[in-house]
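*Asks:* The working numbering applies: residue 2 is where the sequence shown begins, and numbers increase by one.
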Amino acid sequence: MSIIKLLEKKVKRTLFTTPTHSQHNIFNEKYTNFYEDDYSEIEGFDNLSNPKNAIMMAQGRASEIIGSKQTFFITQGATTALLSAMKTIIKPADKVLVARNCHKSVYNGLILTAGIIDWFMPETDKEWGIYTKIDPKKLDSTLQLDDYKVFIMTSPTYVGVNSDIEEIAKICRKNKTYLIVDEAHGSLYNFNDKIGKSAISQGADVSINSLHKSAGGLNQCAILNISKNLRDFDESDFQNSINLFHTSSPSYPLLANIEACFNYLTSKKGQEEVNILLSEIDKLKKELTRYGIEFFECDYHDPTKILLRKKGLSGFDLSESMFSEFDIEDELNNSISCLYLTGIGTARQKLEKLKQALKKVKINPSYEFQPVDFQPHPLVKMQPIEAFNRNYIYTDKSDSLLKISGATIPPRNWNIILRRSNSKMAFRLS
Ligand SMILES: Cc1ncc(COP(=O)(O)O)c(C=O)c1O
């Protein structure tokens, strides 16, 4: 089917995925006409690669709200923001410590920067089959083992676990290591600290937010924030790196969407919406616990990320039943749980639909949850840049044991790959 036909068909399913705006113009501004508002750097307009006018003012206002030294607007997602941050700080052969649950754009950033990687394993929750927080003490002892230029981590995690960034930032500073926090899923923290505390406010050197993930923005709207306390690098270093990766024709409708996101989320209406969302989620959880649904909770958990399981069903089967019987799509699932993402744009009716479906979905009372297979701390046999540049062969996944993958296979997709795909994977020749 053509892309045009695909969009014309309109998705009728109830989506608990990104983007959370539920395909509605939440911010209620007029810039959604992509043709009418599609300009380049014409006279009187601004230039994202060297802003001096409207973009500079909007970025300045965003930076004031966040409390950053500088906030950059990015119209190519957190991916480009992460690559730019990494390119600024990491020089070839710099040692980089990376939390193993980072997004693949961080892995790609290592290829582009030629940094020398060591992995850092986050804590895990075996009962739920998920990575959780970064242990500050373990981080401190690891940083003392080598001269790490930067530590890159994700907080909140996909499922909403926040690490203690304040403590981690202190440890990084003590060890003279820069701290980049991928806060793609925590954009709302910049506006409402009932959900979580922003990484910049807790002392991270750099943070990255995807506004489309929970803040109601359009896909690809993201920001890169640098801290007032960042040493050695200034705004122009970051601007130069952004200009390496960013298109020279950024979309004005997307730039306006980023500005509108800030306007909305700092407005009384925007703040009320966040409070309503939190109280609706709270009600949903209270009611569903009476129907055998368990919710993941921990210290500093972001409540907008609803991770749940139902006794008597694997996460895979729950996901499948919700999809096929109730037209509800989750963001992520494993053998135990399913993740339903909410955010700005998740209306009460949507949560009601989720609630009713979860009550009705049928179970097998004798079923017991099967543990999730966690990967061990990986040995670095080859640096990402070398693996990327090598020749590769295609082999069946049954023959893949101990081979070095030529493609990035994010752990969260591993089960899906094993379940749904019989395709061959590419492996580097070592
Ligand atoms: C933790 C994390 N970081 C970064 C990204 C990349 O974000 P974007 O899609 O805005 O490029 C994602 C996307 O899923 C993510 O989950």
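Yeah, the Cβ is synthetic: ideal placement off N, Cα and C, and Gly gets one too.
Since this is a predicted model, take the numbers as computed values, not measurements.
Any heavy atom of ligand 1 closer than 8 Å to the beta-carbon of K70?
*Replies:* It does not: the Cβ of K70 is nowhere closer than 8 Å to a heavy atom of ligand 1.
*Asks:* Who are the near neighbours of E42 in its chain, counting only those whose CB is closer than 7 Å to its CB and skipping five residues on each side?
*Replies:* Around E42: N48.
*Asks:* Nearest-angstrom Cα distance between E184 and S401?
*Replies:* Rounded to whole angstroms, E184 to S401 spans 33 Å at the Cα level.
*Asks:* Relative to the alpha-carbon of Y393, which residue among D331, I405, M383 and D39 has its alpha-carbon at the smallest distance?
*Replies:* Y393 has its Cα closest to that of I405, out of D331, I405, M383 and D39.
*Asks:* How should H213 be labelled, buried or exposed, when 16 other C-beta atoms within 10 angstroms of its C-beta is the threshold for buried?
*Replies:* Answer is buried; the Cβ neighbour count reaches 16.
*Asks:* Considering F35, what are the terminal residues of the alpha helix (DSSP H) in which it resides?
*Replies:* From DSSP, F35 is part of no alpha helix (DSSP H); its letter is neither H nor E.
*Asks:* Pull the bridge partners of V97 from the DSSP assignment, please.
*Replies:* Beta-bridge pairing links V97 to I118 and V151.
*Asks:* Please report the straight-line C-alpha distance between S443 and N191, rounded to a whole angstrom.
*Replies:* There is no way to answer for residue 443, as the model of the chain reaches only from 2 to 431.
*Asks:* Can you tell which of Q384, P385 and A408 has its C-alpha closest to the C-alpha of Y395?
*Replies:* The shortest Cα separation from Y395 among Q384, P385 and A408 belongs to A408.
*Asks:* Would you grab the beta carbon distance between A348 and V207 for me? Rounded to a whole angstrom, and I think it's under 8 Å.
*Replies:* That pair is no contact at about 34 Å.
*Asks:* Which stretch, first to last residue, makes up the beta strand (DSSP E) that contains F296?
*Replies:* Residues I294 to F296.
*Asks:* For ligand 1, is there a heavy atom less than 8 Å away from the beta-carbon of G1?
*Replies:* Nothing about residue 1 can be read from this structure; the chain reaches only from 2 to 431.
*Asks:* Ligand 1 heavy atoms versus the CB of K214: any closer than 8 Å?
*Replies:* Yes; taking the cut-off as 8 Å, the Cβ of K214 has a heavy atom of ligand 1 nearer than that.
*Asks:* Using 9 Å as the threshold, is the C-beta distance between A79 and I209 below it?
*Replies:* Against a cut-off of 9 Å, the Cβ pair of I209 and A79 comes out as a contact.
*Asks:* Determine the direct distance from the alpha carbon of I118 to that of E353, and round the result to whole angstroms.
*Replies:* Distance between the alpha carbons of E353 and I118: 45 Å.
*Asks:* How would you write the range of the alpha helix (DSSP H) that R174 sits in, first residue to last?
*Replies:* Where R174 is concerned, the enclosing alpha helix (DSSP H) stretches over I166 to K175.
*Asks:* With DSSP collapsed to three states, give me the class of R420.
*Replies:* Note that R420 has pLDDT 47, beneath the 50 cutoff, so the model's placement of it is unreliable and the number below is only indicative. Residue state, collapsed to three classes: helix.
*Asks:* Would you mind working out which of T143, N230, N51 and P304 sits nearest D194, comparing C-alpha positions?
*Replies:* Here the closest residue by C-alpha is P304.
*Asks:* Just list the residues that DSSP pairs L180 with in beta bridges.
*Replies:* Looking at the DSSP assignment, L180 forms a beta bridge with F152.
*Asks:* Could you compute how far the alpha carbon of A82 sits from the alpha carbon of S211?
*Replies:* About 9 Å.
*Asks:* Closer than 8 Å by C-beta to E9: which residues in its own chain qualify, once you throw out the five before and the five after it? Chain order, please.
*Replies:* So the list is empty, once near-sequence residues are dropped.
*Asks:* Should C103 be counted as a contact of ligand 1 given a C-beta to heavy atom distance under 8 Å?
*Replies:* Because some heavy atom of ligand 1 lies under 8 Å away, the Cβ of C103 counts as near it: yes.
*Asks:* Please classify N423: is it buried, with 16 or more other beta-carbons within 10 angstroms of its beta-carbon, or exposed?
*Replies:* In this prediction, N423 has a pLDDT of 47, which is less than 50 and means its spatial position is unreliable; what the coordinates show is noted afterwards. Its Cβ having fewer than 16 others within 10 Å, N423 is exposed.
*Asks:* Drop a sphere of 10 angstroms on the beta-carbon of M154, count the other beta-carbons inside from all chains shown, and report buried for 16 or more, exposed for fewer.
*Replies:* Under this definition M154 is a buried residue.
*Asks:* Is it buried or exposed, M383, if we count other Cβ atoms within 10 angstroms and call 16 or more buried?
*Replies:* Burial call: exposed.
*Asks:* Less than 9 Å between the beta carbons of T178 and N102, yes or no?
*Replies:* Taking 9 Å as the Cβ cut-off, T178 and N102 do not qualify as a contacting pair.
*Asks:* List the whole-angstrom C-beta distance separating N226 from S69, where the pair is believed to meet the contact cut-off of C-beta under 8 Å.
*Replies:* Yes, they are in contact, since the Cβ atoms of N226 and S69 sit about 4 Å apart, within 8 Å.
*Asks:* By Cβ distance, which residues of its chain are closer than 8 Å to T248, with the 5 residues on each side in sequence left out?
*Replies:* Excluding residues within five positions, the ones whose Cβ falls inside 8 Å are T76 and Q77.
*Asks:* Closer than 7 Å by C-beta to V373: which residues in its own chain qualify, once you throw out the five before and the five after it? Chain order, please.
*Replies:* Once the five neighbours on either side are set aside, the close Cβ partners of V373 are G130, N335, S336 and I337.
*Asks:* Give a single yes or no on whether D183 has its beta carbon closer than 8 Å to a heavy atom of ligand 1.
*Replies:* Yes, the beta carbon of D183 sits closer than 8 Å to at least one heavy atom of ligand 1.
*Asks:* Less than 6 Å between C-beta atoms, sequence neighbours within five positions excluded: which residues of the same chain meet that for V362?
*Replies:* The residues are S322.
*Asks:* Just curious, the alpha helix (DSSP H) that Y265 is in, first and last residue?
*Replies:* Start and end: Y253 to T267.
*Asks:* Could you pull the DSSP bridge partners for K306 from this structure?
*Replies:* L342, per the DSSP bridge assignment.
*Asks:* What does the alpha-carbon distance come out to for the pair Q371 and D331?
*Replies:* Approximately 20 Å, taken between the alpha carbons.
*Asks:* Leaving aside the five residues before and after G271 along the sequence, list all residues of the same chain whose C-beta is less than 6 Å from its C-beta, in chain order.
*Replies:* Same-chain partners within the cutoff: Y265.
*Asks:* Which residues bound the beta strand (DSSP E) around N226?
*Replies:* Here the beta strand (DSSP E) through N226 covers A223 to I227.
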